[in-house]
Every structure is written in C-alpha cells, then in structure tokens.
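Asks:
Chains as they are written, first to last, in our numbering: chain A, 2 to 115; chain P, 1491 to 1603.
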C-alpha cells in the first residue's frame, strides 16, 4: 500500500530535549515536505526537499532541521524544542513530475512541548 | 507575503443542498490550485486540482478558477453529512517550484441531516 508513515503519532516532551520525528514514503517520490498546522493558521511549510541531499527552507523553518540522506526518508529534527513548537505536524510527498502531482500526507504527529 | 484566504466558517448547509466554498489568492503567478478535505484529527486528502480557467467537474465536486479575479471555488452538489469537514485551498507558489504549496486556513463545512 502506498503511504507516508510518520512516527511517533503523539509525543509529550519537555523544553530543550532534542527530538526527531521520522517520515518515510514507499512511493519512490522525489519531493518531500514538512508542515505544521495550528488553529486558525492552516498548514505552514517548514522545510522541503526536491531530492536526496537537496533541502530548502519553507515559510517557518526557525527551530527545525531536516536531512535527506535517502530518497524514502525525511526526518524532522527539533534540536532544542520550545513550547511554541507545540503543534500538529504533517509530512507529505509527491512525485514532483508535473505541476499537478498531488501531495500525499502522513497521518500526522501531535507534539506537545511543556 | 503570498497569501491564500478562506472564510473560516462554519458554512452550514442542509443535506442535499449545494455547498459553495471560496478561496482567493494574492500571487498572480500561481499556476495550480488544489482542494483538500480534512476531517477532524486526520490528514488532508486531495479532492481536486485545477490549473485552467473555467470549471472542472468530478462527480459531485466542481472546481472553478478565475485567474483574472484570483479566485478559486469548490462546489459540492447534493451535500451529504459525510462531507462535513474542513476544506483547504492550496495554491502553488512560483517561482520557487511548482511543488511548493501555500495553504489557506480552511473553511469548515457542516452538512445538516
């Protein structure tokens, strides 16, 4: 089954404790992206990657890091999480070929930073 | 700042009615437009995309695009209670790439039985 898998689904942690949210897709997609979703603000892009070793900042990259060492994986790293990073996070992927390729979303990760 | 604007709603319609969801965008260079549906606590799922002016129909859904007015809409005919969800409008953001999407904050639709 074609899917984007995020882990963990839920995480409660404390300020300053480094964490990683993993994202993996099995569709051989070139393009992957991370979004955060907050009430009233919609989905905002954090980082995206056009291919292996190619990443770029989205609209709200501060406080986040990413890496793309393999095509299928695109982890999101919070080196020193803060309460304002409490949010619902989505990873997405698309084939990237053609302008109308839809983005496939993972099930989401709900992070609470205390 | 490139923006995509949607009325947050809720838009309440009776079962069987037509629901009309609207979206405006600020970047005249945007080329592709997507409608996603998101149920509470779930991930967004693609309903339709459109990139040419005019209407595009898919089952009970019709997307309408007017680039001159920078306006895109989604019509849902014969609305069902199962259509109750938040509908997200997304617009490509050139010249960064054709894959970078700017999302609106969504319109919540409530279909009353």
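No residue lacks a Cβ here, since even glycine has one placed at the ideal position from N, Cα and C. Only a predicted model underlies this, so the values are computations on that prediction, with no experimental measurement involved.
I believe residue 40 (chain A) touches residue 110 (chain A) by the beta-carbon criterion, under 8 Å. Please report the beta-carbon distance rounded to the nearest angstrom.
Replies: With 8 Å as the limit, residue 40 (chain A) and residue 110 (chain A) do not qualify as a contact, their Cβ atoms being about 17 Å apart.
Asks: Mark residue 59 (chain A) as exposed unless 16 or more other C-beta atoms lie within 10 angstroms of its C-beta, in which case mark it buried.
Replies: Classification for residue 59 (chain A): buried.
Asks: Quick check: the Cα distance between residue 1550 (chain P) and residue 1525 (chain P), rounded to an integer number of angstroms?
Replies: Cα to Cα, the separation comes out at about 14 Å.
Asks: DSSP three-state label for residue 83 (chain A), please.
Replies: Of the three classes helix, strand and coil, the one that applies to residue 83 (chain A) here is coil, per DSSP.
Asks: Using C-beta distances below 7 Å, list every residue in its chain close to residue 1504 (chain P), excluding the 5 sequence neighbours before and after it, in chain order.
Replies: The residues are 1602.
Asks: Output needed in chain order: residues of the region 43 to 75 of chain A with a Cβ under 9 Å from some Cβ in chain C.
Replies: Absence of chain C from the displayed structure is noted, the protein chains being A and P.
Asks: According to DSSP, is residue 40 (chain A) part of a helix, a strand, or is it coil?
Replies: The answer is coil: DSSP assigns residue 40 (chain A) none of H, G, I, E or B.
Asks: How many Å lie between residue 56 (chain A) and residue 1581 (chain P) at the Cα?
Replies: Taking the straight line joining both Cα atoms gives about 21 Å.
Asks: Give me the Cβ distance between residue 75 (chain A) and residue 33 (chain A), rounded to the nearest whole Å; I'm assuming they're in contact under 8 Å.
Replies: That pair is a contact at about 4 Å.
Asks: Buried or exposed for residue 1558 (chain P), please, with buried defined as at least 16 other CB atoms from any protein chain shown within 10 angstroms of its CB.
Replies: Residue 1558 (chain P) comes out exposed.
Asks: Quick one: grab the DSSP three-state call for residue 1572 (chain P).
Replies: Helix at residue 1572 (chain P).
Asks: Report the residue from P:1553, P:1518, P:1593, P:1497 whose alpha carbon sits nearest the alpha carbon of residue 1540 (chain P).
Replies: When only C-alpha atoms are compared, the closest one is P:1553.
Asks: Using a Cβ cut-off of 8 Å, pull out every chain P residue sitting near residue 41 (chain A), in sequence order please.
Replies: Those are 1498, 1595, listed as they occur along chain P.
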